[in-house]
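Asks:
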Amino acid sequence: MFSARQIVAQASRRSFSASARQASKVTVLGAAGGIGQPLSLLLKLNPRVSQLALYDIRLAPGVAADIGHINTKSEVRGYEATPSALAEALKGSDIVLIPAGVPRKPGMTRDDLFNTNASIVRDLAKAAADHAPEANILIISNPVNSTVPITAEIFKSKGVYNPKRLFGVTTLDVVRASRFISQLRNTDPANENITVVGGHSGATIVPLLSQSGFNLSGDQLAEYVRRVQFGGDEVVQAKDGAGSATLSMAMAGARFAESLLKAAQGQKNVIEPTFVDSPLYKDAGCEYFASNVELGPNGVEKIHPVGKITEYEQKLLDVCLADLSKNIQKGVDWVKANP
Ligand code: NAD
Ligand code: LMR
Numbered sequence: 229m230f231s232a233r234q235i236v237a238q239a240s241r242r243s244f245s246a247s248a249r250q251a252s253k254v255t256v257l258g259a260a261g262g263i264g265q266p267l268s269l270l271l272k273l274n275p276r277v278s279q280l281a282l283y284d285i286r287l288a289p290g291v292a293a294d295i296g297h298i299n300t301k302s303e304v305r306g307y308e309a310t311p312s313a314l315a316e317a318l319k320g321s322d323i324v325l326i327p328a329g330v331p332r333k334p335g336m337t338r339d340d341l342f343n344t345n346a347s348i349v350r351d352l353a354k355a356a357a358d359h360a361p362e363a364n365i366l367i368i369s370n371p372v373n374s375t376v377p378i379t380a381e382i383f384k385s386k387g388v389y390n391p392k393r394l395f396g397v398t399t400l401d402v403v404r405a406s407r408f409i410s411q412l413r414n415t416d417p418a419n420e421n422i423t424v425v426g427g428h429s430g431a432t433i434v435p436l437l438s439q440s441g442f443n444l445s446g447d448q449l450a451e452y453v454r455r456v457q458f459g460g461d462e463v464v465q466a467k468d469g470a471g472s473a474t475l476s477m478a479m480a481g482a483r484f485a486e487s488l489l490k491a492a493q494g495q496k497n498v499i500e501p502t503f504v505d506s507p508l509y510k511d512a513g514c515e516y517f518a519s520n521v522e523l524g525p526n527g528v529e530k531i532h533p534v535g536k537i538t539e540y541e542q543k544l545l546d547v548c549l550a551d552l553s554k555n556i557q558k559g560v561d562w563v564k565a566n567p
């Protein structure tokens, strides 16, 4: 028989080891930006996060001081823009979210951001490969279709590439897809889960409405697909030169990070759409492709195939693959020429 004192000691040891197992350091690179600030705020509210490291080329210590007053347990630290501070922010990280880079203005495509953001992402990927080679790397900076391949090439060149741990964040596309269908059909968007595959820009975003049981057709279907593909433009135009989606993106990024943490902490059947190194369309020149992915303690657990689609969706997918393969190749070629 155990004494009451032994039972209490055992229970507190158990709760200590459970919380130790669940300790998670999350790093945000670009933490003072339009996405970075609300994303960091949402991460501070997440009890699964034990350490939050905020890095930016400006203002990160200020953002960290502010968020650090919130009365949740996680420790928050902001880092100055020096190589050693960046290394410190990355060391021991389980998840590195990268929203560093410039956003669009009206009239621009995501690809127009390539020239500026490619080198930002390349340099941060180098630091991540050096100081957090085993972390899950979540790329938010656009154009995601090219910045993910750039990151992969950097990790490959340093001999630390793990395809199971690199993710292009496309969560916002499914968030929009569920919100927009609920607006059309007057349903609760929280219950809508629309599969979206492909990439993250214009025609490379392919919503598969037929798999959700909704039966739109004609102009209504075309308009729905167009809205999901160009939802980002709605925000860019409404912000009128002041940037692109930040708040909805912060929610989407926080959701994806939360899913990874749940999976890392042993939860089963955690499925998120994400742009990963994927076998599905390599034959069509797409080394990376977004589809539903089951997450586990090692990152990617299982990549779900696209499944049954209509003739209309197949045409969308054909257009997607043609564009996406070029976006991917552009990233690979650029980083080889600009290592
Ligand atoms: P922003 O300009 O408000 O913030 C970007 C931040 O990055 C700034 O604080 C800046 O100082 C920082 N930064 C720049 N270079 C850096 C570097 N080398 N190291 C660290 N930090 C650096 O822009 P935003 O609205 O937050 O958007 C950021 C990126 O996210 C853009 O490229 C945008 O297109 C993209 N985005 C992606 C999605 C998606 O679904 N994946 C959604 C929305 C926006
Ligand atoms: C989005 O989808 O909102 C982002 O990719 C930002 C943009 O440029 O539209």
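Residue 567, in the working numbering, is where the sequence shown stops; the numbers in between run on with no holes. Heads up, the beta-carbon is just placed ideally off N, CA and C, and yes, glycines get one too.
1. Can we say the stretch 316-325 touches the stretch 289-301, given the rule of at least three CB pairs closer than 8 Å?
2. According to the Cβ coordinates, are V498 and K510 closer than 8 Å?
3. Is N370 near the ligand LMR, judged by its Cβ being under 7 Å from some heavy atom?
4. Please classify I409 as buried or exposed, where buried requires at least 16 other C-beta atoms within 10 Å of its C-beta.
5. Going by the beta-carbon positions, is the gap between A480 and V349 smaller than 8 Å?
6. For the ligand NAD, any of its heavy atoms closer than 7 Å to the Cβ of M479?
7. Of the choices P311, E308 and P377, whose alpha-carbon is the least far from that of F342?
8. Roughly how many whole angstroms lie between the Cα atoms of T432 and L449?
9. So is L552 buried or exposed if we call it buried at 16+ other beta carbons inside 10 Å?
10. Taking the alpha helix (DSSP H) that T375 belongs to, which residues open and close that run?
11. Can you have a look at P275 and say buried or exposed, based on whether 16 or more other CB atoms are within 10 angstroms of its CB?
12. With a threshold of 7 Å (Cβ to nearest heavy atom), would P334 be considered close to the ligand NAD?
13. Would you mind giving the Cβ-Cβ distance between D401 and V456, rounded to the nearest angstrom? I have them listed as a contact below 8 Å.
14. Starting from A478 and walking both ways along the alpha helix (DSSP H), at which residues does that stretch end?
15. Distance check for T399 and P417, CA to CA, integer angstroms please.
16. Among V434, L475 and K386, which residue has its Cα nearest to the Cα of A405?
17. Decide if A356 is buried, meaning its Cβ has at least 16 other Cβ atoms within 10 Å, or exposed.
18. Among residues of its own chain, excluding the 5 on either side of D461, which ones have a beta-carbon nearer than 7 Å to its beta-carbon?
19. Would you identify the three-state DSSP class for Y509, choosing helix, strand or coil?
20. Looking at V463 and the ligand LMR, is the gap between the Cβ and the nearest heavy atom below 7 Å?
21. Below 8 Å, can you find three or more Cβ-Cβ pairs linking the stretch 359-375 to the stretch 329-344?
22. When you compare only the Cα positions, how much space is there between D505 and Q279?
23. For A473, is the beta carbon positioned less than 7 Å from some heavy atom of the ligand LMR?
24. How about L400: is its Cβ closer than 7 Å to a heavy atom in the ligand LMR?
25. So who's on the other strand from I499, going by DSSP bridges?
26. V453: which of K354, S252, D284 and G430 sits nearest, CA to CA?
27. My output table needs one value for A281: the three-state DSSP class, helix, strand or coil.
28. Which class does K253 belong to by DSSP, given the choice of helix, strand or coil?
29. Quick one: measure Cβ to Cβ for K392 and N526, integer angstroms, because I've assumed they're closer than 8 Å.
30. For R332, count neighbouring C-beta atoms within 10 Å of its own C-beta (all shown protein chains included) and say buried if the count is 16 or more, exposed if not.
31. Between which two residues does the alpha helix (DSSP H) holding I409 run?
32. Measure the alpha-carbon distance for A512 versus A315 and round it to whole angstroms.
33. Is the beta carbon of R286 sitting closer than 8 Å to the one on A260?
Replies: So, from the data block:
1. Taking one beta carbon from each stretch, the stretch 316-325 and the stretch 289-301 have fewer than 3 pairs nearer than 8 Å; the two do not touch.
2. No, the pair does not count as a contact, with Cβ atoms beyond the cut-off.
3. Yes; taking the cut-off as 7 Å, the Cβ of N370 has a heavy atom of the ligand LMR nearer than that.
4. Buried.
5. The Cβ-Cβ distance between A480 and V349 does not fall below 8 Å.
6. For the ligand NAD, not one heavy atom lies less than 7 Å from the Cβ of M479.
7. For the residues P311, E308 and P377, the minimum Cα distance to F342 belongs to P377.
8. Approximately 17 Å between the Cα atoms of the pair.
9. Residue burial annotation: L552 is buried, with at least 16 other C-beta atoms found within 10 angstroms of its C-beta.
10. It spans V372 to S385 - the alpha helix (DSSP H) in which T375 sits, taken as one unbroken run.
11. With fewer than 16 neighbouring CB atoms inside 10 Å of its own CB, P275 falls in the exposed class.
12. False, no ligand heavy atom lies under 7 Å from that Cβ.
13. The pair is a contact, with the Cβ atoms about 7 Å apart (cut-off 8 Å).
14. A478: member of the alpha helix (DSSP H) spanning L475 to A492, first to last residue.
15. If I take the Cα positions, the gap works out to 14 Å.
16. With distances taken between Cα atoms, A405 lies closest to V434.
17. When all chains shown are included, A356 counts as buried.
18. Closer than 7 Å at Cβ, skipping near neighbours: no residue.
19. For Y509, the three-state secondary structure derived from DSSP is coil.
20. Correct: V463 has its Cβ closer than 7 Å to the ligand LMR.
21. Touching, per the Cβ criterion.
22. Their backbone Cα atoms lie some 28 Å apart in a straight line.
23. For A473, the shortest separation between its Cβ and any heavy atom of the ligand LMR lies below 7 Å.
24. Yes, Cβ of L400 sits closer than 7 Å to a heavy atom of the ligand LMR.
25. Answer is E522.
26. Nearest C-alpha to V453: G430.
27. Strand.
28. In the three-state DSSP reduction, K253 falls in the strand class (E or B).
29. 5 Å between Cβ atoms; contact.
30. By the 10 Å Cβ count, R332 comes out buried.
31. If you look at I409, you'll find it in the alpha helix (DSSP H) that goes T399 to R413.
32. Cα-Cα distance, rounded: 38 Å.
33. With a cutoff of 8 Å on beta-carbon distance, R286 and A260 are scored as near each other.
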